[in-house]
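Visitor: Below: one structure in structure tokens.
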Amino acid sequence: MKLRYPRLEINLSALRNNAKRIVDMCGEQGVSVVGVIKGATGIPEVAKAFADGGVDIIGSSRLEQLRDAKDFGIDKPLMLIRVPMMSEIEEVVELCAGSLNSEVSVLEALNDEATKQHKVHRVVLMADLGDLREGFWDKEELMDVALRVENEMDGLFLAGVGTNVGCYGSILPTPDKLQELVDIAREIEDKIGRKLDIVSGGATSSLMRIADKNIPEGINSLRIGEGILLNRDLGLFYGYDLKGMRKDTFTLKAEVIEVKVKPSHPQGEIGVDAFGKRPEYVDRGMRKRALIAIGKVDYGDPDEIFPKDEGIEVLGASSDHTILDVENYLGDLKPGDVLEFDINYASIVYLTNCKNVRIGFTEDKN
Ligand SMILES: *Cc1c(COP(=O)(O)O)cnc(C)c1O
Numbered sequence: 002m003k004l005r006y007p008r009l010e011i012n013l014s015a016l017r018n019n020a021k022r023i024v025d026m027c028g029e030q031g032v033s034v035v036g037v038i039k040g041a042t043g044i045p046e047v048a049k050a051f052a053d054g055g056v057d058i059i060g061s062s063r064l065e066q067l068r069d070a071k072d073f074g075i076d077k078p079l080m081l082i083r084v085p086m087m088s089e090i091e092e093v094v095e096l097c098a099g100s101l102n103s104e105v106s107v108l109e110a111l112n113d114e115a116t117k118q119h120k121v122h123r124v125v126l127m128a129d130l131g132d133l134r135e136g137f138w139d140k141e142e143l144m145d146v147a148l149r150v151e152n153e154m155d156g157l158f159l160a161g162v163g164t165n166v167g168c169y170g171s172i173l174p175t176p177d178k179l180q181e182l183v184d185i186a187r188e189i190e191d192k193i194g195r196k197l198d199i200v201s202g203g204a205t206s207s208l209m210r211i212a213d214k215n216i217p218e219g220i221n222s223l224r225i226g227e228g229i230l231l232n233r234d235l236g237l238f239y240g241y242d243l244k245g246m247r248k249d250t251f252t253l254k255a256e257v258i259e260v261k262v263k264p265s266h267p268q269g270e271i272g273v274d275a276f277g278k279r280p281e282y283v284d285r286g287m288r289k290r291a292l293i294a295i296g297k298v299d300y301g302d303p304d305e306i307f308p309k310d311e312g313i314e315v316l317g318a319s320s321d322h323t324i325l326d327v328e329n330y331l332g333d334l335k336p337g338d339v340l341e342f343d344i345n346y347a348s349i350v351y352l353t354n355c356k357n358v359r360i361g362f363t364e365d366k367n
């Protein structure tokens, strides 16, 4: 059968390796891992690779993705890592072992529903420590709500507390910042007279604390997505190179549909491009260019795909076309040829959400 393009190839051996490495690295420091699958739109094979790599819990911000994981036969506990919508409470309780929370009204609804379904739903209360996305800002309110869950809501189990950093407010998970969460956990534990199961100290960016071996004692869980899927951001933005992590997890393949020598500066009066923008065009004279049949609707931003071959440069894109400068490419390009690209986190989210893009799975050959 002829392969269709564009394709996103996912190396499941590499993903399992990454999941296992992260689980081992965190485990050595007493930290368990929620494997977050939303970065790859919850593709069940990806969730399976996370599960096989040993994550304790599968997490996503989307119930649809957790449902797919369950239907695929993944038997790990599922956690909704977004505050539940009121409109999805019934399904949250039915499907998920637990969820992250920050609103009393939502907790009440979860409690009612769990009681109705004869279940106990595990909740992690989120503390906003400055990133300004979800979570209780007022720590007194957080304490009060924790006590209410513990003492008055029989359908809920107060599993623990968590925080999110580095998402909206770009706050770093410094040891001090994470210590604030441990302090909150200790205060709640004093008040309820028992230990909390979960003190969830953030996402991939908190792996810097694991690498530095200075994660505050008491943080015992992290929610990791990008760090397993790609493990690119920590190195790129913060210079952290975690050992034994594979970067060849995702490969984008797109097909050449035109190769011609053309001017590098548009000819005629310049207005706006397909998206109403006015890009700068550099005049480099006549250059050999290739068009590939993939565009912004597939991957989002052409600056976020990276040709694997030497001598190929991404010039720009419209919805369904990407324009490459191939003047310095040594091979012979023609329509029907397939070019490969590395991609980043944002591109993966788009590509795995796009029905024009075929998903393929590979395993290491041995
Ligand atoms: C997306 C998300 C994560 C995972 O983030 P990564 O940076 O991909 O590890 C963790 N926690 C919450 C609440 C999230 O929304």
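In this text, residue positions in the sequence shown follow the working numbering: the first is 2, and each later residue adds one.
We treat Cβ as the ideally placed atom computed from N, Cα and C, and that holds for glycine.
Predicted model only: the values in this text are computed from it and were never measured.
#1: Any chance the CB of R195 is under 7 Å from a heavy atom of ligand 1?
#2: On the DSSP bridge list, what partners appear for N102?
#3: Where DSSP assigns a beta bridge to K289, which residues make up the other side?
#4: Under three-state DSSP, which class holds R17?
#5: Tell me the DSSP bridge mates of K71?
#6: Could you tell me which residues DSSP pairs with D326 in its beta bridges?
#7: Short of 6 Å in beta carbon distance, which residues of its chain neighbour E181, apart from the five on each side in sequence? Order them along the chain.
#8: Closest to E29 by C-alpha separation, out of P78, I220, D177, L179, would be which residue?
#9: Whole angstroms are fine: how far does the CA of I293 sit from the CA of S320?
#10: Go ahead and pull the three-state DSSP assignment for K254.
#11: Can at least three beta-carbon pairs, one atom from the segment 321–336 and one from the segment 247–254, be found at a separation below 8 Å?
#12: From G36 to A52, what distance separates their C-alpha atoms?
#13: Between E227 and ligand 1, is the CB less than 7 Å from at least one heavy atom?
#14: Taking DSSP as the reference, what is the three-state secondary structure of R5?
#15: Nearest CA to the CA of I38: which residue from I58, M26, R22?
#16: Below 7 Å, is the gap between the Cβ of K39 and the nearest heavy atom of ligand 1?
#17: Using a Cβ-based criterion (distance less than 7 Å to any ligand heavy atom), does I82 qualify as near ligand 1?
#18: Return the residue from the list R63, I44, M2 that minimises the CA-CA distance to I75.
#19: Ordered along the chain, which non-local residues of its own chain (more than five positions away) have a Cβ less than 7 Å from that of K49?
#20: Measuring only the C-alpha atoms, how far is E256 from L340?
#21: Locate the alpha helix (DSSP H) running through G228, then write down its first and last residues.
#22: Taking its Cβ as the centre, do 16 or more other Cβ atoms sit within 10 Å of Y239, making it buried, or is it exposed?
#23: Beta-carbon within less than 7 Å of E91's beta-carbon, same chain only, minus the 5 sequence neighbours each way: which residues are those?
#24: Please classify L119 as buried or exposed, where buried requires at least 16 other C-beta atoms within 10 Å of its C-beta.
#25: Taking the beta carbon of K214 as the centre, do at least 16 other beta carbons fall within 10 Å, making it buried, or is it exposed?
#26: May I ask whether a heavy atom of ligand 1 can be found less than 7 Å away from the beta carbon of A204?
#27: Indicate the three-state DSSP secondary structure (helix, strand or coil) for L340 in the structure shown.
#28: Considering only residues of the same chain and omitting the five flanking positions on each side of S62, which have a CB-CB separation below 6 Å?
#29: Can you tell me where the alpha helix (DSSP H) with V150 in it begins and where it stops?
#30: Are the beta-carbon atoms belonging to D299 and Y351 less than 8 Å from one another?
#31: Work out the CA separation of I360 and I295 for me, nearest whole Å.
#32: Under the DSSP definition of a beta bridge, which residues are partnered with E364?
#33: Which residue wins for smallest C-alpha separation from L79, given the options S207, L101, N19?
#34: Could you give the distance in angstroms between the alpha-carbon of M246 and the alpha-carbon of G202?
#35: Comparing the CB of S103 with every heavy atom of ligand 1, is any distance shorter than 7 Å?
#36: Just to confirm before moving on: does the CB-CB distance between R233 and N345 stay below 8 Å?
Guide: For this structure:
#1: Reading the sequence shown from its first residue, position 194 is the one you call residue 195. Answer for R195: no, Cβ out of range of ligand 1.
#2: The residue labelled residue 102 in the question sits at position 101 within the sequence shown. Answer by DSSP bridge pairing, in chain order: L126.
#3: Here residue 289 refers to the residue found at position 288 when the sequence shown is read from its first residue. Paired residues: V262.
#4: Against the sequence shown, residue 17 aligns to sequence position 16. It is helical.
#5: Walking along the sequence shown from the start, residue 71 turns up at place 70. The partner list for K71 (beta bridge, DSSP) is empty, contrary to what the question assumes.
#6: What you label residue 326 is simply residue 325 of the sequence shown in a count that begins at 1. Answer is R290, E314, bridged to D326.
#7: For this step, residue 181 is matched to residue 180 along the sequence shown. Hits under 6 Å: L130.
#8: Here residue 29 refers to the residue found at position 28 when the sequence shown is read from its first residue. Per the Cα distances, I220.
#9: Locating residue 320 in the sequence shown gives position 319, where the first residue counts as 1. Locating residue 293 in the sequence shown gives position 292, where the first residue counts as 1. Roughly 12 Å between the two C-alpha positions.
#10: Position 253 of the sequence shown holds residue 254. Here K254 sits in strand by DSSP.
#11: no
#12: Locating residue 36 in the sequence shown gives position 35, counting from the first residue. Locating residue 52 in the sequence shown gives position 51, counting from the first residue. Their backbone Cα atoms lie some 8 Å apart in a straight line.
#13: Along the sequence shown, read from residue 1 onward, the residue named residue 227 stands at position 226. Result yes, Cβ under 7 Å from ligand 1.
#14: In the sequence shown, counting from the first residue as 1, residue 5 sits at position 4. Reduced to three states, the DSSP call for R5 is coil.
#15: In the sequence shown, counting from the first residue as 1, residue 38 sits at position 37. When only C-alpha atoms are compared, the closest one is I58.
#16: Position 38 of the sequence shown, counted from the start, is the residue given in the question as residue 39. Yes, the Cβ of K39 comes within 7 Å of a heavy atom of ligand 1.
#17: Position 81 of the sequence shown, counted from the first residue, corresponds to residue 82. At least one heavy atom of ligand 1 is nearer than 7 Å to the Cβ of I82, so yes.
#18: What you label residue 75 is simply residue 74 of the sequence shown in a count that begins at 1. With distances taken between Cα atoms, I75 lies closest to I44.
#19: Indexing the sequence shown from 1 puts residue 49 at position 48. The residues are F73, I75.
#20: The residue you call residue 256 lines up with position 255 of the sequence shown. The residue you call residue 340 lines up with position 339 of the sequence shown. E256 and L340: Cα-Cα distance of roughly 6 Å.
#21: The residue given as residue 228 occupies position 227 in the sequence shown. Residues 227–230.
#22: By one-based count along the sequence shown, residue 239 stands at place 238. By the 10 Å Cβ count, Y239 comes out exposed.
#23: The residue given as residue 91 occupies position 90 in the sequence shown. Only E114 meet the Cβ criterion.
#24: Mapped onto the sequence shown, residue 119 falls at position 118. Residue identity check: residue 119 is His in the sequence provided, not Leu. Under this definition H119 is an exposed residue.
#25: Numbered from 1 along the sequence shown, position 213 holds the residue referred to as residue 214. Exposed, since its Cβ has fewer than 16 Cβ neighbours within 10 Å.
#26: On the sequence shown, position 203 is the one that residue 204 refers to. Answer for A204: yes, Cβ within range of ligand 1.
#27: Counting from one through the sequence shown, the residue named residue 340 turns up at place 339. L340: strand per DSSP, three-state reduction.
#28: Here the question's residue 62 lines up with position 61 in the sequence shown. Excluding sequence neighbours, S62 sits near K39, I82, R83.
#29: Numbered from its first residue, the sequence shown carries residue 150 at position 149. Per DSSP, V150 belongs to the alpha helix (DSSP H) from 140–153.
#30: Position 298 of the sequence shown holds residue 299. Position 350 of the sequence shown holds residue 351. Yes, the pair counts as a contact, with Cβ atoms nearer than the cut-off.
#31: Reading the sequence shown from its first residue, position 294 is the one you call residue 295. Reading the sequence shown from its first residue, position 359 is the one you call residue 360. Cα to Cα, the separation comes out at about 14 Å.
#32: Residue mapping note: residue 364 aligns to position 363 of the sequence shown, counting from 1. Partner(s): none; E364 has no beta bridge.
#33: Within the sequence shown, numbered from 1, the residue matching residue 79 stands at position 78. The residue with the shortest Cα to Cα distance from L79 is L101.
#34: Here residue 246 refers to the residue found at position 245 when the sequence shown is read from its first residue. Here residue 202 refers to the residue found at position 201 when the sequence shown is read from its first residue. M246 and G202: Cα-Cα distance of roughly 21 Å.
#35: For the purposes of this step, residue 103 is taken as the residue at position 102 of the sequence shown. Because no heavy atom of ligand 1 lies under 7 Å away, the Cβ of S103 does not count as near it: no.
#36: Here residue 233 refers to the residue found at position 232 when the sequence shown is read from its first residue. Here residue 345 refers to the residue found at position 344 when the sequence shown is read from its first residue. Contact: yes.
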